[in-house]
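To start, the structure under review is shown below, and the notes come after it.
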Amino acid sequence: MTQTATGVLAIDIGGTKIALAAISATGEWRAQDKFIIAGLAGEQIVAQLLAASQALQARAQLTFAAIGVSTIGVVDGDHLKLVPTIQGWDQVNLRASLQTVFPAVPVLIENDVKSATYAELLNGALKGTSAGLYLNLGTGIATGLTLGDQVVRGSHGAAGEVGYWLLDAQSSAGFATGHAPLEEATGGQGIGHQLTALVGHPYTAKDLWQAPTLLPALQQFKDHLLTTWAVNLSNLCIAWDPAVVAVGGGMQAAYHQIAPALTAKLAQSVPFPPVLKPAFYRQNASLNGIALLALRTLQ
6 MTQTATGVLA IDIGGTKIAL AAISATGEWR AQDKFIIAGL AGEQIVAQLL
56 AASQALQARA QLTFAAIGVS TIGVVDGDHL KLVPTIQGWD QVNLRASLQT
106 VFPAVPVLIE NDVKSATYAE LLNGALKGTS AGLYLNLGTG IATGLTLGDQ
156 VVRGSHGAAG EVGYWLLDAQ SSAGFATGHA PLEEATGGQG IGHQLTALVG
206 HPYTAKDLWQ APTLLPALQQ FKDHLLTTWA VNLSNLCIAW DPAVVAVGGG
256 MQAAYHQIAP ALTAKLAQSV PFPPVLKPAF YRQNASLNGI ALLALRTLQ
């Protein structure tokens, strides 16, 4: 078969790995790949990404008419900000780099949580809502705000970055001092650090959710964690007035433990409480979202 069919290339750049998919214009996922980038600098990552993209195109036998890139960090035009985990990533021009091997192919770049939000908006729990909210509970804590068929970006592409929310009015910890208070307190990595210190040996967020019973100190921590999420989500819903809140991210696996506390606080505190739902995309949400966005450009 000759390489004549049209399609899109979807790329999801995470903190430790990159996932790619080649998808036909009809929505058929022809080929997928992923590779580890932990410890690599920006230029090394770009070199591997370009080689993997070309190899994937050959396997899928597609001519790419659009490229969609989902990535950690805040998208600022052709560059990225707030990506401390990848050395030199803020100096990389992803669009220009991809167009060196795919000349003239349009490249769409979006933040990973906003991409996951688009997945839910276009084909998931937020579909058909006039205003919605995607809550990412994972290693990072962030939200996506939807209005109509769009995800709100804000003036600098940073709308919904609630990981930077302040938890203590008396504390100086915040963005300027290199901190993301809400994420450090309630994100998966932060939970693990706190639990390990609490019990005196390695203990992860996954351990917390999977334990059949908890020691009193761990139960107290869990209750405080749920309350923190519930209060902050309620305040955000009062401000945004979403019809639906879709809960995604790695900790969505514990949705049945998380949902009751969130639902109760929303009902108690929000004038028009939204419906709380698990996200439709439990795996590869960002990759699916950026794929849907890229496919939409072909219509």
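Numbering (the numbering used here), first residue to last: 6 to 304. Glycine is no exception: its CB is placed at the ideal position from the N, C-alpha and C atoms. All figures in this text were calculated on a predicted structure; none of them were measured in a lab.
Annotation: D173 to N293 spans about 36 Å, alpha carbon to alpha carbon. Residue state for G73 is assigned as strand, using DSSP reduced to three classes. Inclusion of Y123 and L297 in the CB contact set at 8 Å is warranted, their separation being smaller than that value.
Here the alpha carbon of E125 sits roughly 15 Å from the alpha carbon of L300. With respect to V97, Q104 sits apart: the two C-beta atoms are not nearer than 8 Å. Look at the beta carbons and you see the stretch 132-150 touching the stretch 248-268: at least three pairs across the two are nearer than 8 Å. Using a Cβ distance threshold of 8 Å, V74 and I295 count as a contacting pair.
Relative to A290, the option among A101, Q37, G129, L113 whose CA is nearest is G129. Fewer than three pairs of CB atoms, one per stretch, sit closer than 8 Å, so the stretch 264-282 makes no contact with the stretch 33-52. Around the beta carbon of F277, a 10 Å sphere encloses fewer than 16 other beta carbons of the protein chains shown; the residue is thus reported as exposed. A direct Cα-Cα distance of roughly 8 Å separates V80 from A163.
Assignment of beta-bridge partners to P207 by DSSP yields no partner.
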